[in-house]
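Converting from the sequence shown to this note's numbering requires adding 54 to each position, the first position being numbered 1. Glycine included, every Cβ here is placed at the ideal spot set by N, Cα and C. For reference, the structure discussed in these notes is given below.
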Amino acid sequence: MNPLLGTALILGVAGSAHCLGMCGPITLAVPSPRNDWRSRLSSTLLLNTGRIATYALIGAAFGAFGHGLRLAGLQQAASVVAGIVLLVSIVVPGLLERWLPASRGAILIGRLRSMLARNLKRTAPEALVLTGMLNGLLPCGLVYAAAIGSTVMGNALDGALYMALFGLGTWPLLIALRMGSGLLGSSARAALRRASPVLVGIVAVLLVLRGLDLGVPYLSPSAPLVGAEASVCHTSAP
């Protein structure tokens, strides 16, 4: 298993306080079929399952792109670039959101929000999953950061798993919010917000080290032979 998969959970937990501001209002706006804790819990799980399904699809697409980079011998460089981008995004908050082209992005976001608004009051299970999936498509710098990480996974399956683990890391706070839990007070949420840049920075450093090809097992392993090098080895084999 790719050791970088663990960084996905770190990103999710690190950004869960941020998710309260971005996804929290949607989470609270969706009604439950009935006013009891079982109904709230089931609707919450359906919402978050839909959101993670979208993240997994995004991760599969970025992972497939990373597979192409690996075949081209560029995966190590991509890992270094991904780490640098994450580090810069900590210094310049909101940087990743600015990558979306303004005109096309505004049209796409407007359509997504319209679809989300039309679906928001529906409480059927499939409607709740769809609401979560639409929520997962809304612009979020943290999701973009995780997508960058999924590129380094090198294949669609690991990319999807990376994004799914990232989504799972955001679950506890969002579930607690919708269930009305007071287990995590304002001081704890503030501490998590302060820790978020540090945790994202750790992930960024790990990505950079991963791409430096230092020959350190798990942390910075040597790149596998691909492309022309692999062909040469195959040809020279007895």
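Residue range of the unbroken alpha helix (DSSP H) whose run includes residue i
| i | result |
| --- | --- |
| T61 | L59 to A68 |
| P79 | G78 to A83 |
| L140 | Q129 to V145 |
| P193 | Unbroken run through P193: none, as it is neither H nor E. |
| A230 | A210 to M233 |
Cβ neighbour criterion (16 or more within 10 Å) applied to residue i
| i | result |
| --- | --- |
| L125 | exposed |
| V145 | exposed |
| S133 | buried |
| M217 | buried |
| S250 | buried |
| R172 | exposed |
| G259 | Contrary to the premise, residue 259 reads as Val rather than Gly in this sequence. Exposed, because fewer than 16 other Cβ atoms sit within 10 Å of the Cβ of V259. |
| S241 | exposed |
| G66 | buried |
| N102 | buried |
| V84 | buried |
| R232 | buried |
| R94 | buried |
Reduced DSSP secondary structure (H/G/I, E/B, other) of residue i
| i | result |
| --- | --- |
| T177 | coil |
| R264 | helix |
| S97 | helix |
| D90 | coil |
| V257 | helix |
| M169 | helix |
| M207 | coil |
| A126 | coil |
| L74 | helix |
Proximity of residue i and residue j at Cβ, strictly below 8 Å
| i | j | result |
| --- | --- | --- |
| T224 | F116 | no |
| T108 | M207 | no |
| A62 | L227 | no |
| I64 | V257 | yes |
| I202 | A244 | no |
| G213 | R105 | no |
| V183 | L100 | yes |
| L174 | V254 | no |
| Q130 | G265 | yes |
| T177 | P87 | yes |
| L191 | L166 | yes |
| A210 | H121 | yes |
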